[in-house]
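Trainee: In my numbering, the protein residues as written are 82 to 302.
Ideal placement from N, C-alpha and C gives every residue a C-beta, glycine not left out.
Sharing a structure with you now.
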Ligand code: MN
C-alpha cells in the first residue's frame, strides 16, 4: 500500500512538471547510424545533452512570455535582449530536433531531385559542395553548427556558434535551414576524437536527403 502511494505520488509529480518544450522522438534506434555515428554517442547526445537543453529551457521560460511560444516561434523571437538561458537552451532543443531528424539509416549518398540539381547548379558538383561544407565545419572555432540553408531564394552554406541558428534574428547569418551538422565535440569525440574532418566525411553516409529535399521545396515557397 505504501509503495502504491509512492508510485501514485511519483506519477502526479511527473505530470505537474511543466514540459512545454520537448525533444522530438528519435526516429531510429541509437545504433541505427553505425558505423558513421556510434551507438554510445547517440545515447549520450540524445539522452543527456539534448534532454538537458529541453529540461533547462523549460526551467528558463517558466513565467516568461516565451513560455507560450511554439519552439519554432521561440527561435524567431531571439534578439540580443533574450536571456542567454532561453537563447542557448531554446536553440539547443530546436537544433537537435532538426539535426536528428535530418539523419537516417540506409540514407546518404548523392542528393537527388530539386535539391540535388540546385546543389550542382550552385557549387558545380556534389564533391565541390562537400568541400565547401567541410571548410565551414573545420572553420567553426569551438562549438557550433554548419547549415545548408535557403537565403534570398538561393542555397548557402552557413555556420553559427554555440546553439544559435539562422532562424534567430540575433544570428549573423540568416536563412531557412534544410540540413545541419552539429560540430560540437560532444557530437563526435568518442569515436572521432579530434578528427572533425573525418566526422564530417562520415556525415554524408547518413544524411536524410528525402527530408532535406522536402524542406528545400518548402523554403522556396
Ligand atoms: Mn549536440
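Secondary structure at residue 261, three-state DSSP: helix, strand or coil?
Mentor: Three-state result, residue 261: strand.
Trainee: From the DSSP output, in three-state form, read off residue 114 for me.
Mentor: Residue 114: coil per DSSP, three-state reduction.
Trainee: Return the Cβ separation of residue 261 and residue 207 in integer angstroms, given the expectation that the two are a contact with Cβ distance under 8 Å.
Mentor: Not really, about 18 Å apart at Cβ, beyond 8 Å.
Trainee: Quick check: the stretch 161–173 against the stretch 137–145, are there 3 or more CB pairs under 8 Å?
Mentor: Because the criterion of three Cβ pairs below 8 Å is met, the stretch 161–173 and the stretch 137–145 touch.
Trainee: In the DSSP assignment, what residue or residues form a beta bridge with residue 236?
Mentor: DSSP output for residue 236 lists 231 as bridge partner(s).
Trainee: Less than 8 Å between the CB of residue 268 and some heavy atom of ligand 1, yes or no?
Mentor: Yes, the beta carbon of residue 268 sits closer than 8 Å to at least one heavy atom of ligand 1.
Trainee: For residue 265, is the beta carbon positioned less than 8 Å from some heavy atom of ligand 1?
Mentor: The answer is yes for residue 265.
Trainee: Is residue 222 near ligand 1, judged by its Cβ being under 8 Å from some heavy atom?
Mentor: False, no ligand heavy atom lies under 8 Å from that Cβ.
Trainee: Would you say residue 180 touches ligand 1, meaning its beta carbon is less than 8 Å from a heavy atom?
Mentor: Yes - ligand 1 has a heavy atom lying nearer than 8 Å to the Cβ of residue 180.
Trainee: Which two residues bound the contiguous alpha helix (DSSP H) that contains residue 300?
Mentor: Taken as a continuous stretch (DSSP letters only), the alpha helix (DSSP H) holding residue 300 covers 290–301.
Trainee: Could you check the C-alpha separation between residue 174 and residue 274 for me, to the nearest Å?
Mentor: Roughly 24 Å between the two C-alpha positions.
Trainee: Using 9 Å as the threshold, is the C-beta distance between residue 287 and residue 133 below it?
Mentor: Against a cut-off of 9 Å, the Cβ pair of residue 133 and residue 287 comes out as no contact.
Trainee: Using the three-state DSSP reduction, which class does residue 242 fall into: helix, strand or coil?
Mentor: Strand, per DSSP.
Trainee: Any contact between the stretch 202–219 and the stretch 232–240? By contact I mean 3 or more CB pairs, one from each, below 8 Å.
Mentor: Touching, yes.
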